[in-house]
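Mapping the sequence shown onto this note's numbering, position 113 (from 1) lands on 134, and the numbers just tick up by one. Glycine included, every Cβ here is placed at the ideal spot set by N, Cα and C. Notes for the one structure printed next.
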Amino acid sequence: MNDHEKTDEILDALLESYSGPAEVNNLETHRLPNRREIILAFGHIQHLLFLGYFSTRCLDDVNLRGALAEHLLPAQEILVEQIGRATRWHDRNKPAEERRDDAWCEDVAMELLAHLPVVRERLAGDVRFTFESDPAATSIEEVVFCYPGIFALSAYRVAHRLHELGVPMIPRILTEHAHTRTGIDIHPGAKIGERCFIDHGTGVVIGATCDIGSDAKIYQGVTLGALSVTTEGVSRESPAKRHPTLEDRVTVYAGATILGGETVVGHDSIIGGNVWLTKSVPAGSKIYHRV
Numbered sequence: 022m023n024d025h026e027k028t029d030e031i032l033d034a035l036l037e038s039y040s041g042p043a044e045v046n047n048l049e050t051h052r053l054p055n056r057r058e059i060i061l062a063f064g065h066i067q068h069l070l071f072l073g074y075f076s077t078r079c080l081d082d083v084n085l086r087g088a089l090a091e092h093l094l095p096a097q098e099i100l101v102e103q104i105g106r107a108t109r110w111h112d113r114n115k116p117a118e119e120r121r122d123d124a125w126c127e128d129v130a131m132e133l134l135a136h137l138p139v140v141r142e143r144l145a146g147d148v149r150f151t152f153e154s155d156p157a158a159t160s161i162e163e164v165v166f167c168y169p170g171i172f173a174l175s176a177y178r179v180a181h182r183l184h185e186l187g188v189p190m191i192p193r194i195l196t197e198h199a200h201t202r203t204g205i206d207i208h209p210g211a212k213i214g215e216r217c218f219i220d221h222g223t224g225v226v227i228g229a230t231c232d233i234g235s236d237a238k239i240y241q242g243v244t245l246g247a248l249s250v251t252t253e254g255v256s257r258e259s260p261a262k263r264h265p266t267l268e269d270r271v272t273v274y275a276g277a278t279i280l281g282g283e284t285v286v287g288h289d290s291i292i293g294g295n296v297w298l299t300k301s302v303p304a305g306s307k308i309y310h311r312v
């Protein structure tokens with residue numbers, strides 16, 4: 022058998038694999054949101070959030086508005102299209118009167134873009150807090166350029182707003198894009214307060230119903246998860262509280278695992294490395310694992 026015949030044989034086998042009922046055989050890609058386009062839109066949003074760090078030309082009061090418009094307008098166009106696709110797909114089996122229309126999708130896209138100044142303010146706090154918390158950081162610019170926590174928080178804070186607005190699928194695409202880039206897995210449904218510092222970040226997992234207060238410090242390998250991963254009796258549209266709460270000014274060191282929706286770590290607590298915690302601790306606690 023020559024290479025051409027082998028190629029034909031492989032194509033025949035692949036084609037046959039698409040003939041069954043498997044859900045992954047979905048060929049209606051023109052109706053689904055496009056992951057590449059969503060990531061492209063996020064690239065434009067990154068420029069809007071940190072334009073001075075992405076621009077290749079000098080910026081000033083004269084050209085700043087135009088430079089912002091170069092990214093705002095394509096972001097808007099892509100978001101309207103992709104939010105429309107995601108929403109129509111999500112609503113396809115609903116009664117007609119419950120389906121969200123194009124006007125809703127346009128309004129949501131504009132609502133997200135109008136929220137970007139708030140996102141910038143939150144990220145400015147994240148950047149400053151990261152710089153102040155890490156003695157290895159030499160400048161604010163280094164933090165913005167180099168720290169994976171800032172990239173992950175940028176994607177999360179955009180995705181969280183979309184999640185709040187009821188947009189399906191796209192928030193997860195954004196946070197999983199950041200997960201791929203940084204190793205930091207933040208569900209867009211999690212609530213994270215002001216001035217969050219995620220150091221190193223690889224292996225950090227923050228679950229969908231986590232509630233994290235302000236001035237949190239989270240190091241690599243931390244899991245803020247659920248006690249059980251069963252889907253039985255779980256509402257996907259309105260999930261119960263399954264992940265822990267961290268009050269203000271909590272530090273969680275590398276490798277710690279905190280589980281459970283009823284688990285509350287009181288404010289100003291320190292959770293040491295490799296601790297396994299499944300019950301609440303009061304404010305000001307210091308929990309260590311010693312060998």
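Residues near residue i in its chain [Cβ-Cβ closer than 6 Å; skip 5 each side]
i: residue 218; result: 150, 151, 154 and 238
i: residue 280; result: 246, 248 and 299
i: residue 141; result: 70
i: residue 95; result: 65
Rounded C-alpha distance that separates residue i from residue j
i: residue 361; j: residue 105; result: No statement about residue 361 is possible, as the shown extent of the chain runs from 22 to 312 and does not include it.
i: residue 262; j: residue 203; result: 26 Å
i: residue 223; j: residue 162; result: 21 Å
i: residue 42; j: residue 139; result: 45 Å
i: residue 36; j: residue 52; result: 21 Å
i: residue 127; j: residue 188; result: 12 Å
i: residue 18; j: residue 86; result: No answer is possible for residue 18: the residues shown for the chain start at 22 and end at 312.
i: residue 192; j: residue 93; result: 19 Å
i: residue 65; j: residue 194; result: 16 Å
i: residue 27; j: residue 33; result: 10 Å
i: residue 283; j: residue 265; result: 6 Å
i: residue 267; j: residue 38; result: 47 Å
i: residue 310; j: residue 296; result: 5 Å
i: residue 213; j: residue 232; result: 6 Å
i: residue 159; j: residue 169; result: 16 Å
i: residue 243; j: residue 225; result: 5 Å
i: residue 182; j: residue 45; result: 29 Å
i: residue 134; j: residue 23; result: 55 Å
i: residue 184; j: residue 132; result: 12 Å
i: residue 136; j: residue 302; result: 35 Å
i: residue 97; j: residue 260; result: 30 Å
i: residue 215; j: residue 230; result: 17 Å
i: residue 235; j: residue 84; result: 36 Å
i: residue 31; j: residue 63; result: 37 Å
i: residue 205; j: residue 60; result: 17 Å
i: residue 227; j: residue 49; result: 32 Å
Sequence-distant residues of its chain with Cβ nearer than 7 Å to residue i (five each side left out)
i: residue 196; result: 176, 177, 180, 207, 208 and 209
i: residue 148; result: 161, 164, 165 and 171
i: residue 129; result: 104, 186 and 188
i: residue 68; result: 75 and 92
i: residue 55; result: 103
i: residue 221; result: 240 and 241
Terminal residues of the alpha helix (DSSP H) in which residue i lies
i: residue 108; result: 85–111
i: residue 64; result: 56–70
i: residue 174; result: 169–185
i: residue 153; result: 123–154
i: residue 25; result: 24–38
Residue(s) in a DSSP beta bridge with residue i
i: residue 297; result: 278
i: residue 267; result: 233 and 286
i: residue 115; result: Its beta-bridge partners do not exist; DSSP assigns none.
i: residue 226; result: 206 and 244
i: residue 272; result: 238 and 291
i: residue 332; result: Given that the chain is displayed from residue 22 to residue 312, the structure contains no residue 332 and the question cannot be resolved.
i: residue 308; result: 292
Extent of the continuous beta strand (DSSP E) to which residue i belongs
i: residue 245; result: 244–246
8 Å CB neighbourhood of residue i in its chain, flanking five on each side removed
i: residue 305; result: 287, 288, 289 and 290
Proximity test, Cβ basis, 8 Å: residue i and chain B
i: residue 175; result: Reference to chain B is not applicable here, since this structure consists of a single protein chain.
| field | Segment contact, 8 Å Cβ cut-off, at least three pairs: the stretch 103–114 with the stretch 70–85 | value | no
| request: Please confirm if the stretch 288–295 is in contact with the stretch 265–278, defined as three or more CB-CB distances below 8 Å between the two stretches. | output: yes
| field | the stretch 112–128 / the stretch 79–86 touching (three or more Cβ pairs under 8 Å) | value | no
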